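Contents: one structure, followed by commentary.
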Amino acid sequence: MLTANPSSTVMAKSSTTTRFPIFPTEHLPAFIANPSNRRNLRIPIPMAAALTTSAADPVAKTPTPAQTRVDILSESLPFIQRFRGKTIVVKYGGAAMKSPALQSSVINDVVLLACVGLRPVLVHGGGPEINSWLLRLGLQPEFHNGLRVTDALTMEVVEMVLVGKVNKSLVSLINLAGGTAIGLCGKDGRLLTARPSPDAASLGFVGDVARVDPAILRPIIAEGHIPVIASVASDDKGQGYNVNADTAAGEIAAAIGAEKLILLTDVAGILEDRDDPGSLVREIDIDGVRRMVTEGKVAGGMIPKVDCCVRSLTQGVRTASIIDGRVAHALLLEILTDEGAGTMIAG
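Below is the structure:
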């Protein structure tokens, strides 16, 4: 997904979801090589020449798995060139974190993108893991307006789980997959400075992002390492806060001048009709998504995700996408194809 179609603010796509195995293998989505399914791009996407014919033998042969792989890789070249050297911030959580198969898919996608020259930054939460440890300690998780109520004891558990367990587990998985990951949280190098949420009386130590200092990130990214950032931060006095991972990802993306922000979620994306899974909005601009919020088409838990995307776009991020983390290799679909894996919002 590269640019929004200027001729149309909102476009719906079929609800059919294409899944494919770890890239590259024998079969990836047919739409990569099918120009009729491509978006209207501003860059030409040349078709790869057939590798199974020649002047001496003009009759096409059944392609071998190896030929299929190199054809698909060739078709990905314009997308790789488009994003090579660019920073992509990915917020990771939800179903893609809970399912071992989807977790493997995300980790492999992140490492592959780094291998072909992109600069991924992973920002994560870990709600289910926090709930599990709270219950082990005899504490009942509480939520208010969709946000975790975080008293002092809960904050200790949040920080231990996110920074000490989830973060280091993701770093290990990326390293095992062939990448080089460095684990951080918002406290490291004053990356994130928090302030109390306006609803602090009900939520406790839940914070908003007051400032971002990306100085610690720049050399890590420049050296080709993959930052993995837990969404925990502290205020100017050192008090720890639980920060929404979507919000943290959006603010970090803006601060480092990311090309793209991607939120992995448990829904298909923004729907024109919330009761119709087939009404997915593929591309929309800021005005269009604000209009959908006003009309009540975007509501509930999707509002903070949309607000996060819009805020990052107004601060210079080129595109922000809300994609379906339940789809295998959603990141590759979003970045290396025109079909995408959810909704892209353009500035």
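Here the sequence shown stands for residues 62 to 408, where the numbers follow my numbering.
From the three backbone atoms N, C-alpha and C, an ideal C-beta is built for every residue, glycine too.
All of these numbers come straight from a predicted model, not from anything done at the bench.
Proximity of Met-363 and Val-328 at Cβ, strictly below 9 Å
Contact check for Met-363 against Val-328 passes: the beta carbons are separated by less than 9 Å.
For the structure I just gave you, are there three or more beta carbon pairs, one from the segment 150-161 and one from the segment 319-327, closer than 8 Å?
With the rule of 3 Cβ pairs closer than 8 Å, the segment 150-161 counts as touching the segment 319-327.
For Glu-395, which option in Asp-368, Ser-233, Gly-330 has the closest C-alpha, if you only look at C-alpha atoms?
Considering only alpha carbons, the answer is Gly-330.
Contact belief for Val-293 with Val-354 at Cβ below 8 Å, rounded distance in angstroms:
Between Val-354 and Val-293 the Cβ distance is about 29 Å, and since that is not below 8 Å, they are no contact.
Pull up the distance between the alpha-carbon of Val-359 and that of Thr-123, whole angstroms please.
Val-359 and Thr-123: Cα-Cα distance of roughly 47 Å.
Selection from Lys-159, Asp-297, Asp-346, Gly-225 that minimises the alpha carbon distance to Val-378:
The shortest C-alpha separation from Val-378 is found at Asp-346.
Beta-carbon proximity of Ile-383 to Leu-392, cut-off 9 Å:
The beta carbons of Ile-383 and Leu-392 sit no closer together than 9 Å.
Which residue comes first and which comes last in the beta strand (DSSP E) that contains Thr-254?
First-last of the beta strand (DSSP E) with Thr-254: 253-257.
Any 3 or more C-beta pairs closer than 8 Å across the segment 128-146 and the segment 246-264:
Contact between the segment 128-146 and the segment 246-264 is absent, with fewer than three C-beta pairs closer than 8 Å.
Nearest-angstrom Cα separation, counted from Ile-406 out to Ala-315:
Rounded to whole angstroms, Ala-315 and Ile-406 show a C-alpha spacing of 15 Å.
Between the alpha carbons of Thr-211 and Val-350, how many angstroms are there, rounded?
Those two C-alpha atoms are separated by around 31 Å.
Are the beta-carbon atoms of Val-182 and Leu-231 separated by less than 9 Å?
No, these two residues do not count as a Cβ contact at 9 Å.
I'd like to know if the segment 153-170 and the segment 129-140 are in contact, where contact means that at least 3 CB-CB pairs between them fall below 8 Å.
In short, these stretches do not touch, since the Cβ pair count stays below three.
Pick helix, strand or coil for Pro-139, following the three-state DSSP scheme.
Pro-139 falls in the helix class under three-state DSSP.
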